[in-house]
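Residue numbers (my numbering): 104 to 237.
Scroll down for the structure; my scribbles are underneath it.
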Amino acid sequence: MSATASKNLDKAGIWVTTLCAIHCLLLPVILPLLAMAGLAFIGEDLLENTILGFSVVIGLLSLISGARKHGKWHLLSLLLLGAFIYSQRDILGHWGEPVIILFGAGLIIYAHVSNLRLSRKLNFGPVAEEPVQG
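Below is the structure:
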């Protein structure tokens, strides 16, 4: 996978995860309005889990590609741990849900940002000087 494609996947992963977290955090506030507008399906667990799954697939593609270049495979653990924590968002009840969501999403986003930084270091590392011909 090209460096540009990997970079774009990291950015997409950050956005999808952020949007997923915002969706989950705002859902209790807007769900009554969505029901009145006939859009209650937006609050379904299936949609939330689909978005989270999409985020994980993007993350796996991006982080595996990055790890092949920079060798930091532990970022995959952060992604999967974040996804697992996020998937357990209901475990602490209504009041604990935002904490779980923010922690899980934070780990996923941190993995993507770290992957971007490590990849950038490889692409913009020290430039070897060309020998002077004379």
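All residues carry an ideal CB built from backbone N, CA and C; glycine is no exception.
Item: Supposed contact pair Val-119 and Ser-168 - C-beta distance, whole angstroms, cut 8 Å; Value: That pair is no contact at about 17 Å.
Item: Proximity below 9 Å, CB of Leu-58 to CB of Ile-188; Value: The question about residue 58 has no answer, for the chain in this structure spans 104 to 237.
Item: Alpha helix (DSSP H) segment containing Leu-184, residue limits; Value: 177 to 190
Item: Beta-carbon proximity of Lys-175 to Ser-109, cut-off 9 Å; Value: no
Item: Same chain only: Cβ atoms within 6 Å of Arg-192, ignoring 5 sequence neighbours per side; Value: Glu-200, Ile-203 and Ile-204
Item: His-126 versus Lys-172, Asp-148, Asn-111 and Asp-113, residue with shortest Cα-Cα distance; Value: Asp-148
Item: For Gly-196, the three-state DSSP class (helix, strand or coil); Value: helix
Item: Reduced DSSP secondary structure (H/G/I, E/B, other) of Gly-116; Value: helix
Item: Nearest to Asn-111 (by Cα), restricted to the options Asn-226, Thr-153, Gly-185 and His-215; Value: His-215
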